[in-house]
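For the sequence shown, position 129 matches number 196 in our numbering, and the numbering has no gaps at all. For every residue, glycine included, the Cβ atom is placed at its ideal position computed from N, Cα and C. Source: prediction; values computed, not measured. All remarks here apply to the structure that follows.
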Amino acid sequence: MASSLNGRKPSEIFKAQALLYKHIFAFIDSMSLKWAVEMNIPNIIHNHGKPISLSNLVSILQVPSSKIGNVRRLMRYLAHNGFFEIITKEEESYALTVASELLVRGSDLCLAPMVEPQVVENLSGSNNLTYVGGDMFTSIPNADAVLLKYILHNWTDKDCTRILKKCKEAVTNDGKKGKVIIIDMVINEKKDENQVTQIKLLMDVNMACLNGKERNEEEWKKLFIEAGFQDYKISPLTGFLSLIEIYP
């Protein structure tokens, strides 16, 4: 049987090979980032106060001389992916980018786990914000608004409906009608840019590990109706996230 590649231009075949290799070795993207974080490289550069040279970096990391080339290769790859900036003057140096600034431990915007009750139950609130530890499947304290950020994509449709029903109870008690605010992804393959769609679909496959999923507008709407909500509004937030407001 003749190959369907017969008649293809060599440039087309080479481009297809590059695409396959890119995805075959895509795990190196996450592993490289993991290594950088585990070695505390973002914090080392941040604490240095200016771009750090390769020699200073490997000295702080206490890397054997035989491995210095490996560190340079790692930093070159991460810089190519936008996590560091290479500055070449007398000696090759590395600076943080906006992406790697988000990996600096102790910074205000550093991503941190906020999922277990004990994480929030001892936090102090403010005049209009109170932290409450607990189980959202059991009860949610009465509120004018309930915020669910990066929550519902972790759960099945059935579990999401249970959570949303508890939210509805919380914002409608005492005769009031508040709202539920959701910050999550809304898949829109027709309108989103290709890179944004790729991130959303990548996260959708990833959420299969938790039996969760990323949803399009129709799938979100179905959840809201099943939970007893009457109306909703979706607004683009930033990057690949959307702000969803739902009303009882």
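Asked, Found
"Touching by the beta-carbon criterion (3+ pairs, under 8 Å), the region 214-224 and the region 275-290", "yes"
"Cβ-Cβ distance between Ile112 and Phe151 below 9 Å", "yes"
"Beta-carbon proximity check, Ile313 vs Lys216, cutoff 9 Å", "no"
"Extent of the continuous beta strand (DSSP E) to which Val247 belongs", "246-251"
"Alpha helix (DSSP H) runs wholly inside the region 267-294, at least 4 long, in chain order", "284-293"
"Cβ neighbour criterion (16 or more within 10 Å) applied to Ser78", "exposed"
"Residue(s) in a DSSP beta bridge with Ala212", "Lys246"
"Counted within 10 angstroms of its Cβ, other Cβ atoms place Val253 as buried (16 or more) or exposed", "buried"
"Through-space distance from Glu158 to Cys276, alpha-carbon basis", "44 Å"
"Local conformation of Phe81 per DSSP, three classes", "helix"
"Per-residue burial, Thr228 [other beta carbons within 10 Å of its own, 16 or more giving buried]", "buried"
"Nonlocal neighbours in the same chain, by C-beta distance under 6 Å from Ser302, ignoring five residues either side", "Leu310"
"Stretch-stretch touch, CB-based, cutoff 8 Å, three pairs: the region 96-104 with the region 138-155", "yes"
"Enclosing beta strand (DSSP E) for Glu168 [first to last residue]", "It is not in any beta strand (DSSP E) - Glu168 instead sits in the alpha helix (DSSP H) that spans 165-168."
"C-beta contact flag for Pro315 and Val263 at 9 Å", "no"
"Cutoff 6 Å; reference Leu231; Cβ partners in own chain excluding five residues on either side", "Ala294"
"Touching by the beta-carbon criterion (3+ pairs, under 8 Å), the region 121-128 and the region 74-89", "no"
"Exposure of Pro131, with buried meaning 16 or more beta-carbon neighbours within 10 Å", "exposed"
"Residue burial classification, Ile95 (beta-carbon count within 10 angstroms, cutoff 16)", "exposed"
"Spatial neighbours of Ile108 in its chain, beta-carbon cut-off 6 Å, leaving aside the 5 residues before and after", "none"
"Nonlocal neighbours in the same chain, by C-beta distance under 8 Å from Lys235, ignoring five residues either side", "Val247, Ala294, Gly295, Phe296, Pro315"
"Residues that DSSP places opposite Lys300 in a beta bridge", "Glu312"
"Straight-line Cα distance separating Glu285 from Ala166", "32 Å"
"Assigned exposure category for Met98 - 16 Cβ within 10 Å defines buried", "exposed"
"CA-to-CA distance, Phe204 to Asp271, given in whole angstroms", "23 Å"
"Local conformation of Tyr217 per DSSP, three classes", "coil"
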